[in-house]
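Novice: Residue numbers (the working numbering): 3 to 338. We put the CB at the ideal spot given by N, CA and C, even for glycine. Predicted model only: the values in this text are computed from it and were never measured. First the structure, which I've put down as structure tokens, then a few questions once you've had a look.
Below is the structure:
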């Protein structure tokens, strides 16, 4: 994830009827009986990884479904699960680890769609220093955030023999990694390789952890079970419209990117273009279950496998009812 902004809590609001939609050729649209917009809080500052949702606003897709939608971007100080549980958001973006954490904490979070079939989490290394396989990073210093301890680090420790002594504190700066050619650092395949090229002048070696067996969904759409039970049709429409937004964004990201840059002026056109291409190169949205079931797809087997893996790694508690964390009921296509 990348991109910063001096305004960590902007709002992007588009109503089902209004000049903003007419300006993009939306035409007449059904209005919603809801007295306020549906509120989506993202999991970071506005970026291409949120492109499908911004695209659905910019092109009037949400309005086509009769929905009023407001996007609020997250950031370093935004706890999206807390906002969701407290009723300050109707939907948030997360991932399988968030669903597991909420389930263990007794928070009724419900995942209703998974937009990234692969988690974009990666490790970056320097080229030309003998690091060609993920296993080659054993014993090397690796710059990681504290969140790694509850997500991918136990996986690397168990499967590849990494040790806690290798960890170095990552604070979003590339400088420590750039200065130490023996080191590696965490990143997203959609942003950090670009930043290394810009700041370091070279293309790093990239290890996408999903390609090595790290199995969570990412950019999942989460709501609460009570909200879904009270507003099932709105949830169904929001999922379907967001899927359509992602399909549109992959074809032509310009409308969504304009809104992303309005919410996050520090996001460059160059990084947006790089990330948009990376989404496709790594099949983040269209691989995995989505290859046969469509964008947003989830399966019972994938969820069960992930939870079993986390229990084996000591992250998840045995005996949890996995299906309390997600539902396939709101997905528009076939399910498995």
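So the candidates are 264, 236, 254 and 108; which of them puts its Cα closest to the Cα of residue 41?
Specialist: Your numbering for residue 41 matches position 39 in the chain shown. That would be 236, whose Cα lies nearest to the Cα of residue 41.
Novice: Might you give, ordered along the chain, the residues of its own chain that have their beta carbon closer than 6 Å to the beta carbon of residue 241, omitting 5 neighbours on each side?
Specialist: For the purposes of this step, residue 241 is taken as the residue at position 239 of the chain shown. Here the set comprises 114, 115 and 332.
Novice: Closest to residue 170 by CA distance: which of 159, 94, 142 and 194 is it?
Specialist: Residue mapping note: residue 170 aligns to position 168 of the chain shown, counting from 1. The option with the nearest alpha carbon to residue 170 is 142.
Novice: When DSSP builds the beta bridges, which residues end up paired with residue 169?
Specialist: Stepping through the chain shown from its first residue, residue 169 is reached at position 167. Paired residue(s): 144.
Novice: Beta carbon of residue 284, beta carbon of residue 211: below 8 Å?
Specialist: Against the chain shown, residue 284 aligns to sequence position 282. Against the chain shown, residue 211 aligns to sequence position 209. Not closer than 8 Å, so no.
Novice: Is there a C-beta anywhere in chain C that falls below 8 Å from the one on residue 182?
Specialist: Absence of chain C from the displayed structure is noted, only one protein chain being present.
Novice: Does DSSP put residue 313 in a helix, a strand or coil?
Specialist: Taking the chain shown and counting its residues from 1, one reaches residue 313 at position 311. Looking at residue 313 - three-state DSSP - the assignment turns out to be helix.
Novice: Quick one, are the C-beta atoms of residue 53 and residue 262 less than 8 Å apart?
Specialist: The sequence position of residue 53 within the chain shown is 51, counting from 1. The sequence position of residue 262 within the chain shown is 260, counting from 1. One thing to note: residue 53 has its Cβ within 8 Å of the Cβ of residue 262.
Novice: From residue 204 to residue 125, what distance separates their C-alpha atoms?
Specialist: The sequence position of residue 204 within the chain shown is 202, counting from 1. The sequence position of residue 125 within the chain shown is 123, counting from 1. If you take the alpha carbons of residue 204 and residue 125, they lie about 15 Å apart.
Novice: If you reduce the DSSP assignment to three classes, tell me which class residue 226 lands in.
Specialist: Within the chain shown, numbered from 1, the residue matching residue 226 stands at position 224. If DSSP states are grouped into helix, strand and coil, residue 226 belongs with the strands.
Novice: Which class does residue 352 belong to by DSSP, given the choice of helix, strand or coil?
Specialist: This structure cannot speak to residue 352, because the chain is shown only from 3 to 338.
Novice: Residues in the same chain with beta-carbon distance under 6 Å from residue 128, minus the five sequence neighbours each way, listed in chain order, please.
Specialist: Counting from 1 along the chain shown, the entry for residue 128 is found at position 126. If we look at residue 128 and ignore the five residues flanking it on each side, its Cβ neighbours are 183.
Novice: I'd like the span of the alpha helix (DSSP H) that includes residue 191, first residue to last.
Specialist: Within the chain shown, the letter at position 189 stands for residue 191. First-last for residue 191: undefined, no H or E at that position.
Novice: Can you tell me which of 138, 297, 154 and 316 puts its alpha carbon nearest to the alpha carbon of residue 122?
Specialist: Numbered from 1 along the chain shown, position 120 holds the residue referred to as residue 122. Residue 122 has its Cα closest to that of 154, out of 138, 297, 154 and 316.
Novice: With a floor of 4 residues, list each alpha helix (DSSP H) that falls wholly inside the segment 40-108, ordered by position along the chain.
Specialist: 53-60, 63-66, 82-87 and 98-107
Novice: Let me check understanding here. Comparing Cα to Cα, which of 286, 180, 185 and 181 lies closest to residue 167?
Specialist: If you number the chain shown from 1, residue 167 lands on position 165. Per the Cα distances, 185.
Novice: Is residue 149 close to the ligand FMN? I mean its beta-carbon at under 7 Å from any heavy atom of the ligand.
Specialist: With respect to the ligand FMN, the structure offers nothing, as it holds no ligand at all.
Novice: For residue 307, tell me which candidate among 137, 99 and 243 has the shortest Cα-Cα distance.
Specialist: Start at 1 with the first residue of the chain shown, and residue 307 comes out as number 305. Taking only the C-alpha atoms, the option nearest residue 307 is 99.
Novice: I'd like the list of long-range same chain contacts for residue 227, defined as Cβ closer than 6 Å, with 5 residues on each side in sequence excluded.
Specialist: Working through the chain shown from its first residue, we reach residue 227 at position 225. Same-chain partners within the cutoff: 110 and 112.
Novice: Between 266, 246 and 318, which has its C-alpha nearest residue 299's C-alpha?
Specialist: In the chain shown, residue 299 corresponds to position 297, counting from 1. The option with the nearest alpha carbon to residue 299 is 246.
Novice: If you drop the 5 nearest sequence neighbours on each side, which residues of the same chain put their C-beta closer than 6 Å to that of residue 201?
Specialist: Residue numbering aside, residue 201 sits at position 199 when the chain shown is read from its first letter. Contacts found: 176.
Novice: In the DSSP output, what is residue 112 paired with across the bridge?
Specialist: Locating residue 112 in the chain shown gives position 110, counting from the first residue. BP columns for residue 112 point to 225.
Novice: For residue 258, which residues from the same chain have a beta carbon less than 6 Å from its beta carbon, with the 5 sequence-adjacent residues on both sides left out?
Specialist: Your numbering for residue 258 matches position 256 in the chain shown. Excluding residues within five positions, the ones whose Cβ falls inside 6 Å are 53, 56, 57, 60 and 251.
Novice: Return the chain-ordered list of same chain residues with a C-beta closer than 6 Å to the C-beta of residue 296, the five sequence neighbours on each side being excluded.
Specialist: As a first step, residue 296 must be located in the chain shown, where it is residue number 294. Answer for residue 296: 335, listed in chain order.
Novice: Per DSSP, residue 127 is paired with what?
Specialist: The sequence position of residue 127 within the chain shown is 125, counting from 1. BP columns for residue 127 point to 186 and 207.
Novice: Please identify the residue among 256, 84, 38 and 315 whose C-alpha is closest to the C-alpha of residue 217.
Specialist: Counted from its first residue, the chain shown places residue 217 at position 215. Residue 315 is the option with its Cα nearest to residue 217.
Novice: Could you have a look at residue 258 and say whether DSSP puts it in helix, strand or coil?
Specialist: Translated into the one-based positions of the chain shown, residue 258 becomes position 256. Three-state DSSP puts residue 258 in a helix.
Novice: Would you kindly work out how many angstroms separate the C-alpha atoms of residue 319 and residue 106, rounded to a whole number?
Specialist: Stepping through the chain shown from its first residue, residue 319 is reached at position 317. Stepping through the chain shown from its first residue, residue 106 is reached at position 104. Near 7 Å, if we compare the C-alpha coordinates of residue 106 and residue 319.
Novice: Alpha carbons only, please: which of 74, 79 and 96 is nearest the one belonging to residue 328?
Specialist: Indexing the chain shown from 1 puts residue 328 at position 326. Ranking 74, 79 and 96 by Cα distance to residue 328 puts 96 first.
Novice: Once the 5 residues before and after residue 85 are set aside, which same chain residues still bring their CB inside 7 Å of it?
Specialist: As a working note, residue 85 is residue 83 in the chain shown. Cβ neighbours of residue 85 beyond the five flanking positions: 43, 91 and 94.
Novice: For residue 308, name the three-state secondary structure that DSSP assigns.
Specialist: Translated into positions along the chain shown, residue 308 becomes position 306. Look at residue 308 here: in three-state DSSP terms it is helix.
Novice: I need the DSSP call for residue 157, collapsed to helix, strand or coil.
Specialist: Reading the chain shown from its first residue, position 155 is the one you call residue 157. Of the three classes helix, strand and coil, the one that applies to residue 157 here is helix, per DSSP.
Novice: Comparing C-alpha positions only, which one of 39, 87 and 179 sits nearest to residue 108?
Specialist: One-based indexing of the chain shown puts residue 108 at position 106. Considering only alpha carbons, the answer is 87.
Novice: If you reduce the DSSP assignment to three classes, tell me which class residue 328 lands in.
Specialist: Locating residue 328 in the chain shown gives position 326, where the first residue counts as 1. In this structure, residue 328 counts as strand in the three-state DSSP scheme.
Novice: What residues in its chain sit with their C-beta under 6 Å from that of residue 337, if we drop five residues either side in the sequence?
Specialist: As a position in the chain shown, residue 337 is number 335, starting the count at 1. Taken in chain order, the residues that qualify are 330.
Novice: In angstroms with no decimal places, state the Cα-to-Cα distance between residue 260 and residue 140.
Specialist: Taking the first residue of the chain shown as position 1, residue 260 is located at position 258. Taking the first residue of the chain shown as position 1, residue 140 is located at position 138. Going from the Cα of residue 260 to the Cα of residue 140 covers about 42 Å.
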